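Have a look at the structure below before the remarks.
Chains as they are written, first to last, in this note's numbering: chain A, 873 to 982; chain B, 342 to 457.
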């Protein structure tokens with residue numbers, strides 16, 4: 873059964889550094905999403921992406937964040953100048969109707 | 342503001358027992374309601390999806406109900422197993438104008454622990 877994959881599973885970085893989280897959506901899906909879940913809190917929507925552009929974004933998704941689909945398979949989330957409060961699980965999802973979630977990347981900012 | 346509230350926050354039951362988790366929502370307009378299971382450190386996995394016209398949906402030992410008038414849903418787990426220990430998240434979906442995209446609003450989840 874096709875699934876969404878994410879790499880790395882765990883990323884540790886120093887405050888102020890840039891990180892890129894990678895996702896490979898399900899191949900025939902056209903809508904892509906990033907979500908964030910801070911430890912002990914609920915999953916929060918960050919951004920949705922369709923037809924090579926952002927279709928929706930939340931107030932969390934400020935200029936520090938950017939998304940890209942650099943080729944036909946990968947979907948990336950870049951976080952510039954990371955802060956301690958960016959530490960969270962980041963989930964990618966893709967859909968052609970129902971959204972399917974990846975296993976997540978745990979980002980730890982020290 | 343669109344919100345999804347769940348209760349209880351956490352629940353501990355003995356293996357083999359049944360339990361019911363609750364969800365209240367204020368999301369409008371409403372497309373569908375889903376229940377997800379999330380194991381610790383993993384992504385959410387869909388259990389059931391119901392449109393506003395459906396009252397109940399089953400998936401094995403999981404049965405979800407929906408009352409669109411009162412904006413309440415429940416997830417009933419029958420004959421619980423140790424592997425049911427996880428967070429159960431109620432998620433309400435609505436369509437946004439942008440390209441027919443759907444947007445999910447997540448509840449805070451119920452942390453269920455099954456003890457032998």
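Idealized CB from N, CA, C, for every residue including glycine. Please read all numbers here as calculations on a predicted model, not as lab measurements.
Residue pairing for residue 939 of chain A: DSSP places it in a beta bridge opposite A/949.
Contact check for residue 377 of chain B against residue 362 of chain B fails: the beta carbons are separated by 8 Å or more. Nearest Cα to residue 394 of chain B within the set B/420, B/354 and B/412: B/412. With contact defined as three or more Cβ pairs closer than 8 Å, the region 877–897 of chain A and the region 948–967 of chain A are in contact. With a beta-carbon spacing of about 4 Å, residue 878 of chain A and residue 974 of chain A fall inside the 8 Å limit used to define contacts. One alpha carbon belongs to residue 421 of chain B, the other to residue 940 of chain A, and they sit about 42 Å apart.
Residue range 403–408 is occupied by the beta strand (DSSP E) that includes residue 408 of chain B. In this structure residue 359 of chain B is exposed. Its beta-carbon is surrounded by fewer than 16 other beta-carbon atoms within 10 angstroms. Here residue 951 of chain A is near residue 891 of chain A, since their CB atoms are less than 8 Å apart. Beta-bridge analysis with DSSP links residue 398 of chain B to B/405. For residue 423 of chain B, the secondary structure class from DSSP, reduced to helix, strand or coil, is helix.
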